[in-house]
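Chemist: Dumping the structure here so I can ask a few things about it.
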Ligand code: NAP
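In our numbering, the protein residues as written are 1220 to 1617.
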């Protein structure tokens, strides 16, 4: 019988065999990719004796057309109550009072981790020589940094007021006519992100966590992020994890926590990807890094993502690309991103058999060169199929 997912007293998720999971179909290509992903997710769950009671909730254009609201309270409440949900891409309303619906959802549910696993699937066309060396899991901080949305526009009274204050009180030199943004990064926000990354690395048998920051320049935000990260490892993970400086790079059976400057990281993930495993990083670095890494393993058409609060148990799994409006309704685009986000969700729920069977079937489909347009244009001898046909081909190989 369908039931809701809840948090057990030990802080882990209690998942019934038929959980109720809210989903947002998504705008634009959401109408194509969601049904395709659902077909595969349902078939894989069924094979493993499980099923999902999907519950549609509205957000984005569809919500606006039906309710006059871009992000109805009922949708936020459904995600709050059911803990785990999944969504397709959403149009960013212009002048709708939201910076972005995705950001709003993350802030309302305090989903402080943006989880982006990046790995290569056999056969996927890639611009690099050894894509199989890319196997990283990015923990991007999701609530702070320049994404907090605190900025004032050049030439407005607010910008002039803030500029005057900073000149007067701090003696800072700020050119007239500047827009000004604020970059808040707290000890609380940094530590809970690094804690989540270290816990994940330990529970998934990973070898290292790299704190990626820009602390050489932004000492009291990005530099503090690194310092707080190392402090957390010393205070909370003694005997299980160790910082680089505390062990001369020799962790001796413990998880190694190291750090790297963001700009050099963007080079090294290309030149020596095997040195990176789990990555913990502030919001903006994480944004750049996630997409740069996704490109190495086949692009945003198949990059999965999730936004998670490990304390409350809330998680929203999502396609990482946008609505690609020019392809909407054409049954053309790759459903891989939302499908693999569903796989990530199944893993998060402990449904490892179903998750693994989907990954194997996806790899088998690509190995048979049955792919959507985005891969077909990069592969020799591929058979280009529609979004829905790609999903059926995966189901056939489950
Ligand atoms: P986009 O929708 O991600 O599309 C950019 C390009 O990425 C597409 O033209 C296409 O490349 C490729 N692409 C996207 N989805 C694909 C898929 N499923 N399979 C294969 N290729 C795919 O970005 P955008 O055009 O900048 O943004 C459109 C709208 O989406 C905006 O309203 C934006 O705010 C919103 N958005 C939402 C999210 C989200 O909800 N998470 C994220 C980003 C953007 P080709 O043209 O080369 O085929």
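Even glycine gets a Cβ: it sits at the ideal position worked out from N, Cα and C. Quick caveat, the model's predicted, so the values are computed rather than measured.
1. When the Cα of residue 1343 is compared with those of 1605, 1617 and 1584, which residue comes out closest?
2. I want to know whether the segment 1222-1235 touches the segment 1283-1296 - three or more CB-CB distances under 8 Å.
3. Apply the 10 Å Cβ neighbour rule to residue 1333 and answer buried if 16 or more other Cβ atoms are within range, or exposed otherwise.
4. Using the rule of at least 16 other Cβ atoms within 10 Å of the residue's Cβ for burial, across every protein chain shown, is residue 1495 buried or exposed?
5. State buried or exposed for residue 1243, treating a residue as buried only when at least 16 other CB atoms are found within 10 Å of its CB.
6. Do the CB positions of residue 1308 and residue 1362 come within less than 9 Å of each other?
7. Closer than 8 Å: is that where the CB of residue 1288 sits relative to any heavy atom of the ligand NAP?
8. Do you know how far the Cα of residue 1510 is from the Cα of residue 1586?
9. To the nearest angstrom, report how far apart residue 1612 and residue 1588 are at their CA atoms.
10. How would you call residue 1440, buried or exposed, if buried means at least 16 neighbouring beta carbons within 10 angstroms?
11. Just reading off the beta strand (DSSP E) that residue 1526 is part of, what are its end residues?
12. Quick check: residue 1485 and residue 1503, are their CB atoms within less than 9 Å of each other?
13. Report the residue ranges of all alpha helix (DSSP H) runs contained in full by the segment 1514-1581; include only those spanning at least 4 residues, in chain order.
14. Can you list, in chain order, the residues of its chain whose CB lies under 6 Å from that of residue 1256, leaving out five sequence neighbours each side?
15. Do residue 1306 and residue 1552 come within 9 Å of each other at the CB atom, strictly closer than that value?
16. Within its chain, find whatever has a CB closer than 6 Å to the CB of residue 1537; leave out the 5 residues flanking it on each side and keep chain order.
17. Per DSSP, what kind of secondary structure is residue 1493 in: helix, strand or coil?
18. So does the segment 1388-1406 actually touch the segment 1364-1376, counting three or more Cβ pairs closer than 8 Å?
19. Is any non-hydrogen atom of the ligand NAP found closer than 8 Å to the C-beta of residue 1593, if you look at the structure I gave you?
20. Would the segment 1375-1382 count as touching the segment 1514-1533 if we require 3 or more Cβ pairs under 8 Å?
21. When you measure from the CB of residue 1601 to every non-hydrogen atom of the ligand NAP, does any distance come out below 8 Å?
22. Short of 6 Å in beta carbon distance, which residues of its chain neighbour residue 1462, apart from the five on each side in sequence? Order them along the chain.
23. For residue 1264 and residue 1573, I'd like the C-alpha separation in whole angstroms.
24. Looking at the strands, I want to know which residues DSSP matches up with residue 1225.
25. Suppose contacts are defined by Cβ-Cβ distances below 9 Å. Is residue 1240 in contact with residue 1272 by that definition?
Modeler: The structure says:
1. Residue numbering aside, residue 1343 sits at position 124 when the chain shown is read from its first letter. Closest by alpha carbon: 1584.
2. Taking a contact to require three or more Cβ pairs closer than 8 Å, the segment 1222-1235 and the segment 1283-1296 do not qualify as touching.
3. Along the chain shown, read from residue 1 onward, the residue named residue 1333 stands at position 114. With 16 or more other Cβ atoms within 10 Å, it is buried.
4. To locate residue 1495, count along the chain shown from 1; it is residue 276. Buried: at least 16 other Cβ atoms inside 10 Å.
5. Against the chain shown, residue 1243 aligns to sequence position 24. Burial call: buried.
6. Here residue 1308 corresponds to residue number 89 of the chain shown, with the count starting at 1. Here residue 1362 corresponds to residue number 143 of the chain shown, with the count starting at 1. The answer is no: Cβ separation not under 9 Å.
7. On the chain shown, position 69 is the one that residue 1288 refers to. Checking the Cβ of residue 1288 against the ligand NAP gives no.
8. Counting from one through the chain shown, the residue named residue 1586 turns up at place 367. Counting from one through the chain shown, the residue named residue 1510 turns up at place 291. Residue 1510 has its alpha-carbon roughly 24 Å from the corresponding atom of residue 1586.
9. Mapped onto the chain shown, residue 1612 falls at position 393. Mapped onto the chain shown, residue 1588 falls at position 369. Using only the alpha carbons, I get a separation of about 11 Å.
10. As a first step, residue 1440 is located in the chain shown; it is residue number 221 there, counting from the start. Label assigned to residue 1440: buried.
11. Residue numbering aside, residue 1526 sits at position 307 when the chain shown is read from its first letter. If you look at residue 1526, you'll find it in the beta strand (DSSP E) that goes 1523-1527.
12. Counting from 1 along the chain shown, the entry for residue 1485 is found at position 266. Counting from 1 along the chain shown, the entry for residue 1503 is found at position 284. No, Cβ-Cβ distance for residue 1485 and residue 1503 is not below 9 Å.
13. For the segment 1514-1581, whole alpha helix (DSSP H) runs of length 4 or above, ordered along the chain, are 1555-1568.
14. Position 37 of the chain shown, counting from 1, holds the residue named residue 1256. Exclusion of the five residues before and after residue 1256 leaves 1554, 1557, 1558 and 1561 as the residues of its chain whose Cβ lies within less than 6 Å of its Cβ.
15. Walking along the chain shown from the start, residue 1552 turns up at place 333. Walking along the chain shown from the start, residue 1306 turns up at place 87. Residue 1306 sits away from residue 1552, with the two beta carbons spaced by 9 Å or more.
16. Numbered from 1 along the chain shown, position 318 holds the residue referred to as residue 1537. Hits under 6 Å: 1306, 1524 and 1560.
17. Sequence index remark: in the chain shown, residue 1493 carries index 274 (1-based). Here residue 1493 sits in helix by DSSP.
18. Segment contact: the segment 1388-1406 against the segment 1364-1376, three or more CB-CB distances shorter than 8 Å; contact assigned.
19. Within the chain shown, numbered from 1, the residue matching residue 1593 stands at position 374. Closer than 8 Å to some heavy atom of the ligand NAP: that describes the Cβ of residue 1593.
20. The segment 1375-1382 vs the segment 1514-1533: no contact.
21. Translated into the one-based positions of the chain shown, residue 1601 becomes position 382. Relative to the ligand NAP, residue 1601 has its C-beta separated by 8 Å or more from all heavy atoms.
22. Taking the chain shown and counting its residues from 1, the one referred to as residue 1462 is at position 243. Within the same chain, 1449, 1452 and 1476 come within 6 Å of residue 1462 by CB-CB distance, once the 5 residues on both sides are set aside.
23. Against the chain shown, residue 1264 aligns to sequence position 45. Against the chain shown, residue 1573 aligns to sequence position 354. Each residue's alpha carbon lies about 6 Å from the other.
24. Translated into positions along the chain shown, residue 1225 becomes position 6. Answer is 1233, bridged to residue 1225.
25. Position 21 of the chain shown, counting from 1, holds the residue named residue 1240. Position 53 of the chain shown, counting from 1, holds the residue named residue 1272. Less than 9 Å divides the Cβ of residue 1240 from the Cβ of residue 1272.
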